[in-house]
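**Student:** In the working numbering, the protein residues as written are 2 to 72. Ideal Cβ placement from N, Cα and C applies to all residues, glycine included. Quick one: the structure is below, and I'll ask about it shortly.
Structure (structure tokens):
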């Protein structure tokens, strides 16, 4: 179970996240980055309005945001 840190100072949370990330091995960091990239591409491709990514393309943001119901 992951450790949950709480703080009234938002800067401390950034420090905890940084310590956690750099405590991982390079292989663990690479695996986490690959997992995030795959998840981002799946979300991007879920919207049929987005064009296909070319070879080596990056998902920076949705090309055509999904229209939401008005509030």
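#1: Would you report the Cα separation of residue 53 and residue 34, rounded to the nearest angstrom?
#2: Report the three-state DSSP secondary structure of residue 31 (helix, strand or coil).
#3: Is residue 23 near the ligand MN, in the sense that its beta carbon is under 7 Å from a heavy atom of that ligand?
#4: Alpha carbon to alpha carbon, how far is residue 10 from residue 29?
**Tutor:** Concretely, from the data shown:
#1: Working through the chain shown from its first residue, we reach residue 53 at position 52. Working through the chain shown from its first residue, we reach residue 34 at position 33. Distance between the alpha carbons of residue 53 and residue 34 is about 21 Å.
#2: By one-based count along the chain shown, residue 31 stands at place 30. Looking at residue 31 - three-state DSSP - the assignment turns out to be helix.
#3: Here there are no bound small molecules, and the ligand MN is not part of this structure.
#4: Residue 10 sits at position 9 when you count from the first residue of the chain shown. Residue 29 sits at position 28 when you count from the first residue of the chain shown. Going by the C-alpha atoms only, they are around 28 Å apart.
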